[in-house]
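Chemist:
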Amino acid sequence: MKRIVLSLVMISCSISIVFAQTVIINRDPRIENLVKALSVDNLRFNVNQLVSFGTRHTLSDTISNQRGIGAARRWIFSEMSKYSIESGGRLKVEYDSFMLEPDGKRVPKTVELKNVVATLPGVDPKDNRVFVVSGHFDSRASDVNNSTITAPGANDDASGTATVMELARVMSKERFSATVIFACVAGEEQGLYGSTHLAKIASDKKWNVQGMITNDIVGNSYGNETDLKDNQKLRVFSEGVPVVETAALATQRQSVGGENDSPARQFARYIKEIGERYVENLEVKLIYRRDRYLRGGDHIPFSNAGFTAVRITEMNENFDRQHQDIRAENGRAYGDLPEFVDYNYLQKVTAVNLATLANLAMAPQEPKNVGILTKQLTNATTLTWEAPEGIKPKGYYMLVRETTSPFWEKKIFVAGSLTQFTLPVSKDNYFFAVQSVDEAGHESLPIFPKPIK
Ligand SMILES: [Zn+2]
């Protein structure tokens, strides 16, 4: 285990005190090597190849091998199949095909949709966790129903598709305890149809999906209007109150103040921590909302199905280069073209995905039945839990933060033989969570405790 010690100066604005603190960063060399294997040239090649099909509109030509969504999905399938061979056949590549009936809006006629889904099965039979990472390969121009006009969709969302393909190529050479699914989905622009179908399969087959990330619009580093050029930030959108929250869970949330501690928020914080652990010159910004105004994405069907799902999107968006016919108007150029994708930035976004998924899929499973004792009024905090199935953790981290803080501030290590821990601080004044950790430092997702009376 390599140790990198960074001295950070933290500034507390509210009380105007400046203090220095040493942060110890432990990186797993296996994950570092996977991050290094991500190729800017492959990402550029994948985006340009997808753009070369002219349009990838969901209702475009499926017969031609040069133009249309049929050629695009066959190319994705054949590339993924090459990665499968390189993985010794461990990566399983399949079409998830289904018929979409007319909806009178964005689907004027019956059409067959095909997602390309590559699965890297976990190696531990006692670990049934599944992590899904997606990008959508369909594209659109100004008129959402125009299926013949050129719609390059370089950033929206060849960038996310290229990310998923590069993750599949690199990650399928490693072995993980949990299963990782690399999904290139269709029908996003017509109504999130591809991911809706995949989320339904996950539900019907009772996959234990612990985290889903959609990468949509992840390759541009320039904001129109603001004129900001910044390749050092990306956004993770996460919902607060889960859509599927029951009345009983709502009552519990109201009593403990858990609005910012939904599984999606824990997952977003995890992406920030692990992404920044492995990727230099990149800040992960947590956006505490499900998605941007007027927009949706492929994480939403997964959230609606009760899974933990978030969206990754670039920091600054150029709306002249999304959902636009290629044209010039009053001296202004429009169109989602590949020369406006920042491939070095796209590599950093891909690295954040990789570090997160690898750390999670290598980690022990999360502790079970995590609780906080609330039997009586005390000025201490006792957390309890049970060991997970599968690989036994080396120990657990107690996570602590101020109730007003968006991020975990302290991690306290507790040896793996213990299943209870008491901190001499009032449970009324902080938020807590518990996560499992193994010998190499891979952490599970943090679990927010339930009150135990
Ligand atoms: Zn999109």
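For the sequence shown, the residue numbers in mature numbering (1 follows the signal peptide of the UniProt record, and there is no 0) are -20 to -1, 1 to 433.
Ideal placement from N, C-alpha and C gives every residue a C-beta, glycine not left out.
1. When you compare only the Cα positions, how much space is there between Asn200 and Ala230?
2. Leaving out five residues before and five after Ile(-6) in sequence, what residues of the same chain have Cβ atoms less than 8 Å from its Cβ?
3. For ligand 1, is there any heavy atom lying closer than 7 Å to the beta carbon of Ile197?
4. Rounded to whole angstroms, what is the Cα-Cα separation between Leu18 and Glu263?
5. Measuring alpha carbon to alpha carbon, tell me which residue in Ile432, Ala98, Leu353, Asp408 is nearest Glu74.
6. Please state the DSSP three-state secondary structure of Val150.
7. Hey, Met378 and Phe411: beta-carbon distance below 8 Å or not?
8. Is Asp300 near ligand 1, going by C-beta to nearest heavy atom under 7 Å?
9. Tell me the DSSP secondary structure of Pro243 in three-state form.
10. Are the region 274 to 284 and the region 170 to 180 touching by the rule of at least three beta carbon pairs closer than 8 Å?
11. In this structure, how does DSSP classify Ser(-5) when only helix, strand and coil are distinguished?
12. With a threshold of 7 Å, establish whether the CB of His116 neighbours any heavy atom of ligand 1.
13. Under a three-way DSSP split, which group does residue 450 fall into?
14. Grab me the residues of Asp322's own chain with a C-beta within less than 7 Å of its C-beta, minus the 5 sequence neighbours each way, in chain order.
15. Hey, could you find the ends of the beta strand (DSSP E) Gln190 is sitting in?
16. Is it a yes or a no for the region 132 to 147 touching the region 71 to 91, going by three-plus beta-carbon pairs under 8 Å?
17. Give the straight-line distance between the Cα atoms of Arg7 and Tyr258, rounded to the nearest whole angstrom.
18. Measuring alpha carbon to alpha carbon, tell me which of Phe299, Gly255, Ser283, Phe287 ends up nearest Leu274.
19. Return the CA-CA distance between Ser58 and Asn261, expressed in angstroms with no decimal places.
20. Can you give the Cα-Cα distance for Pro368 and Gln345, rounded to whole angstroms?
21. How should residue 439 be labelled, buried or exposed, when 16 other C-beta atoms within 10 angstroms of its C-beta is the threshold for buried?
22. Closest by CA to Phe393, which one among Val189, Phe387, Lys374?
23. Specify the secondary structure class of Gly115 as computed by DSSP and reduced to three states.
24. On a CA-only basis, which of Arg249, Val112, Arg233, Thr128 is nearest Ile181? Give me that one, please.
25. Report the CB separation of Met151 from Leu334 in whole angstroms; it is logged as a contact under 8 Å.
26. Just checking Asp8 against ligand 1 - is the residue's beta carbon closer than 7 Å to any of the ligand's heavy atoms?
27. Any chance the CB of Asp322 is under 7 Å from a heavy atom of ligand 1?
28. Given a threshold of 16 other Cβ atoms within 10 Å of its Cβ, counted over all protein chains shown, does Met(-20) qualify as buried or as exposed?
29. Quick check: the region 232 to 245 against the region 323 to 333, are at least 3 beta-carbon pairs closer than 8 Å?
30. Can you give me the C-alpha to C-alpha distance between Asn26 and Leu340, rounded to a whole angstrom?
31. For Asp316, is the beta carbon positioned less than 7 Å from some heavy atom of ligand 1?
32. Indicate the three-state DSSP secondary structure (helix, strand or coil) for Leu208 in the structure shown.
33. What number of angstroms, rounded off, separates the C-alpha of Val331 from the C-alpha of Lys348?
34. Between the C-alpha atoms of Thr362 and Trp388, what's the straight-line distance to the nearest angstrom?
Modeler: Looking at the coordinates:
1. 38 Å
2. Any reading at Ile(-6) needs caution, since the residue's pLDDT is 41, under 50, leaving its predicted position unreliable; the model's value is listed next. Once the five neighbours on either side are set aside, Ile(-6) has no close Cβ partner at all.
3. yes
4. 19 Å
5. Ala98
6. helix
7. no
8. no
9. helix
10. yes
11. Caution is warranted here: a pLDDT of 44 is assigned to Ser(-5), below 50, making its placement in the model unreliable, and the coordinate value is therefore given only provisionally. It is coil, neither helix nor strand.
12. yes
13. Here the chain covers residues -20 to 433 and nothing more, so residue 450 does not appear.
14. Gly199, Asn200, Ser201, Asn211
15. 188 to 195
16. no
17. 7 Å
18. Phe299
19. 34 Å
20. 6 Å
21. Absent from the model: residue 439. The displayed extent of the chain is -20 to 433, so no value can be given.
22. Lys374
23. strand
24. Val112
25. 7 Å
26. no
27. no
28. Reliability of the predicted coordinates at Met(-20) is poor, the pLDDT of 48 falling under 50, and the value obtained from them is presented with this limitation in mind. Counting Cβ neighbours within 10 Å, Met(-20) comes out exposed, since fewer than 16 surround it.
29. no
30. 26 Å
31. no
32. strand
33. Residue identity check: residue 331 is Ala in the sequence provided, not Val. Taking the straight line from one Cα to the other gives about 30 Å.
34. 18 Å
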